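Each remark here refers to the structure printed beneath this line.
Residue numbers (our numbering): 156 to 349.
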């Protein structure tokens, strides 16, 4: 993975069929369309929500990314956009710095419905895990998901994450409650995998 090109704002290969690049303002149209789909937002605790909430979350990340590219540094929360070779939006992923804990980050990914079942989430998770441990000096990478979101936790498990905990009945859902699952990986565990 050409991390220097990615850091400089260039599009790089994610797989043979897809590319990834750091998030830009023009990507918001595709992100908002994805987050308008109730099938996508089923397992997102922050959605559905008004577009203003999404802008309030993503706009500062985009602004920091623009500035980071200009300064040739990594953004505080590296966020990547995935596209196919025709430019169609295929999803996004990100690494979020855990507040006040240097070296701890969270990994996440969201895909539009047309991108499900193509291995994209696994490719994003693997690429961001590699970036975290080999470039960003992360010592602990974590993720969480709904207990019923088998696609998400199976992706994490395929990428070598270990289930580290469960909060039973954490999320209120339409028909009852769902658990919150926690997954993690240390730098040492990553080194053993590669």
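Where a beta carbon is used, it is the ideal one built from N, C-alpha and C, also for glycine. What you are looking at is a predicted structure, and each value in this text was computed from that prediction instead of being measured.
Among the options, nearest to residue i - alpha-carbon criterion
| i | options | result |
| --- | --- | --- |
| residue 236 | 227, 252, 263 | 263 |
| residue 232 | 240, 208, 261 | 261 |
| residue 340 | 214, 258, 211 | 258 |
| residue 252 | 291, 267, 277, 282 | 291 |
| residue 100 | 332, 299, 288 | Limits of the chain in this structure are 156 at one end and 349 at the other, which puts residue 100 out of reach. |
| residue 348 | 333, 323, 316 | 316 |
| residue 158 | 296, 299, 286 | 286 |
| residue 222 | 346, 179, 254 | 179 |
| residue 309 | 276, 170, 230, 220 | 276 |
| residue 279 | 250, 268, 295, 303 | 250 |
| residue 342 | 326, 302, 294 | 294 |
Exposed unless 16 or more other CB atoms sit within 10 angstroms - verdict on residue i
| i | result |
| --- | --- |
| residue 271 | exposed |
| residue 314 | buried |
| residue 242 | exposed |
| residue 265 | buried |
| residue 201 | exposed |
| residue 213 | buried |
| residue 247 | buried |
| residue 297 | buried |
| residue 189 | buried |
| residue 323 | exposed |
| residue 208 | exposed |
| residue 227 | exposed |
Continuous alpha helix (DSSP H) stretch holding residue i: start and end
| i | result |
| --- | --- |
| residue 241 | Note, residue 241: premise wrong, no alpha helix (DSSP H); not H, not E. |
| residue 162 | 158 to 162 |
| residue 169 | From DSSP, residue 169 is part of no alpha helix (DSSP H); its letter is neither H nor E. |
| residue 195 | 193 to 196 |
| residue 291 | That residue, residue 291, is in no alpha helix (DSSP H); it is neither H nor E in DSSP. |
| residue 215 | 206 to 225 |
| residue 231 | Here residue 231 belongs to no alpha helix (DSSP H), and DSSP marks it neither H nor E. |
| residue 181 | Counting along the chain, residue 181 falls outside any alpha helix (DSSP H), and DSSP gives it neither H nor E. |
For residue i, the residue or residues it bridges with in DSSP
| i | result |
| --- | --- |
| residue 176 | 236 |
| residue 350 | Limits of the chain in this structure are 156 at one end and 349 at the other, which puts residue 350 out of reach. |
| residue 332 | 327 |
| residue 253 | DSSP output for residue 253 lists no bridge partner at all. |
| residue 247 | 236, 265 |
| residue 259 | 295 |
Neighbourhood of residue i by C-beta, 8 angstroms cutoff - its chain only, sequence neighbours within 5 removed
| i | result |
| --- | --- |
| residue 320 | 336, 337 |
| residue 176 | 161, 164, 165, 166, 167, 235, 236, 238 |
Residue span of the beta strand (DSSP E) that contains residue i, given as start and end
| i | result |
| --- | --- |
| residue 320 | 317 to 328 |
7 angstroms CB neighbourhood of residue i in its chain, flanking five on each side removed
| i | result |
| --- | --- |
| residue 239 | 172, 173, 245 |
| residue 268 | 192, 194, 195 |
| residue 229 | 162, 223, 291 |
Beta carbon proximity, residue i to chain C, threshold 8 angstroms
| i | result |
| --- | --- |
| residue 260 | The structure shown contains no chain C, having only a single protein chain. |
heavy atom of the ligand GDP below 7 angstroms from residue i C-beta
| i | result |
| --- | --- |
| residue 165 | Looking for the ligand GDP in the displayed structure turns up nothing, as the structure carries no ligands at all. |
Contacting residues, own chain, Cβ-Cβ under 6 angstroms from residue i (five flanking each side not counted)
| i | result |
| --- | --- |
| residue 256 | none |
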